[in-house]
Amino acid sequence: MSPGRYGEQLFRPQDEGESERTDLGALVYDATTIARLRQLGVGPGWHCLDVGAGTGTVARLLLREAGVTEVVAVDRDIRFLSCEPVAGLTALEADVTSDRFEPGLFDLVHARFVLMHLPSPAVMVERLAGLLAPGGVLVLSDAVDLTTDDAPDTPYTLAMRAMWQGLRQTIGTDVSWVPRCPQLILAAGLESVAAEIHVPPLVAGSPISRFWARTWDRARAAMVATSMVDDAAIDEAERWLDSPAYAGLSPGMLTAWGWKPAQPR
């Protein structure tokens, strides 16, 4: 049986508490994301596309803090985007993997924690690069786990390994390619490619710890199905996350970017 998709079997936006889980991730990563976008020069006059916009926190920050002219925020389910209208924000319900997805050209194309859930990331990078206006920038962020495979076995690392495998088997999530994202951006014909990694501190009670605990709860059935953990093991891992005595390293966010040449080569 082939995997489903994000938001269908797992992480469905209509499920109670899903927007709160998503916003915990936003609390962790939004400041890093908007700081990088502003350092790249994103600001007044820019027309932006935010792919897989979720609850719309990045799209709204682009308008409120960076002062961009327009953000088209696209998602397959736009209920969270539509509930808080903001001047300059256009919510677009669409599937970015469809050949019919042609929203126009943009100065910024941004996607965070999207491509890791989609098949054929190289194809998607090329497709998103094709939505850039001349001189525009593509910015892609996805999860990178630098320690779980090689770290000593603990309730936390066992649960994290089971999560990645369970998500891959259930909805096709794959983070193994993410360190190669800069090379994929280069192969798509963009220039001045660079990348960075942000790893949030795993502190008891912090948004990132609460995010992972809620994510494990959402993915519990998929994790148990791997036979790597059972319910008791996941419960123990969540207690570790909530303990000030535990010191661990969270998966991080790799952000890579590249620019479309201002003039044809």
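Quick note on numbering: our numbering labels position 140 of the sequence shown as 245, and the sequence is numbered without any gaps. Yeah, the Cβ is synthetic: ideal placement off N, Cα and C, and Gly gets one too. In this text, all values refer to a predicted model and were calculated from it rather than measured experimentally.
1. Report yes if the CB atom of L236 is closer than 8 Å to the CB atom of G357, and no otherwise.
2. Determine the extent of the alpha helix (DSSP H) in which T320 is found, giving its start and end residues.
3. Around the Cβ of P149, are there at least 16 other Cβ atoms within 10 angstroms (buried) or fewer (exposed)?
4. Quick check: the stretch 219-238 against the stretch 186-197, are at least 3 beta-carbon pairs closer than 8 Å?
5. State the DSSP-derived secondary structure class of L264, mapped to helix, strand or coil.
6. What does DSSP give as the partner residue(s) for S246 in the beta ladder?
7. Suppose the cutoff is 8 Å on Cβ atoms and the five residues either side in sequence are ignored; what does the same chain contact list for D336 look like?
8. Does the beta-carbon distance from H215 to L154 come in below 8 Å?
9. Candidates E113, T162 and Y111: which alpha carbon is nearest Y134's?
10. Using the three-state DSSP reduction, which class does T195 fall into: helix, strand or coil?
11. Using the C-alpha atoms, what's the distance from L354 back to M265?
12. Using a 10 Å radius around the Cβ and a threshold of 16 neighbouring Cβ atoms, would you call G271 buried or exposed?
13. Who are the Cβ neighbours of I139 in its own chain at under 8 Å, not counting the five residues just before and after it?
14. DSSP on E170, reduced to helix/strand/coil?
15. Nearest-angstrom Cα distance between S107 and G277?
16. Can you give, in chain order, each stretch of the alpha helix (DSSP H) that sits fully within the stretch 135-162 and has at least 4 residues?
17. Can you tell me where the alpha helix (DSSP H) holding I290 begins and where it ends?
18. Let me check understanding here. Comparing Cα to Cα, which of P118, M333 and W282 lies closest to T262?
19. For the alpha helix (DSSP H) containing S187, list its first residue and its last residue.
20. So, under 8 Å CB-CB, V242 and L210 are touching, yes? Tell me the CB distance rounded to an integer number of Å.
21. Determine the contact status of V244 and L142, defining contact as a CB-CB distance below 8 Å.
In short:
1. It is not a contact, given that the beta carbons lie outside the stated cut-off.
2. Membership of T320 in the alpha helix (DSSP H) is indicated by the continuous run P312 to R323.
3. An exposed status is given to P149, since fewer than 16 other beta-carbon atoms sit within 10 Å of its beta-carbon.
4. Counting C-beta pairs with one atom in each stretch, the stretch 186-197 and the stretch 219-238 have fewer than three that are closer than 8 Å, which means they do not touch.
5. Looking at the sequence shown, residue 264 is not Leu but Ala. Looking at A264 - three-state DSSP - the assignment turns out to be helix.
6. BP columns for S246 point to R217 and T360.
7. Hits under 8 Å: R325 and V329.
8. In this structure, H215 places its C-beta atom within 8 Å of the C-beta atom of L154.
9. The option with the nearest alpha carbon to Y134 is T162.
10. Strand, per DSSP.
11. Going by the C-alpha atoms only, they are around 11 Å apart.
12. With 16 or more Cβ atoms within 10 Å of its Cβ, G271 is classed as buried.
13. Within the same chain, V163, L166, L167, E170 and A171 come within 8 Å of I139 by CB-CB distance, once the 5 residues on both sides are set aside.
14. Three-state DSSP puts E170 in coil, outside helix and strand.
15. For S107, the predicted structure reports a pLDDT of 49, less than 50, and the residue's modelled location is therefore unreliable. The matter cannot be settled from this model.
16. Runs found: none.
17. First-last of the alpha helix (DSSP H) with I290: C286 to A292.
18. Per the Cα distances, M333.
19. Residues R184 to S187.
20. Not really, about 13 Å apart at Cβ, beyond 8 Å.
21. Contact: yes.
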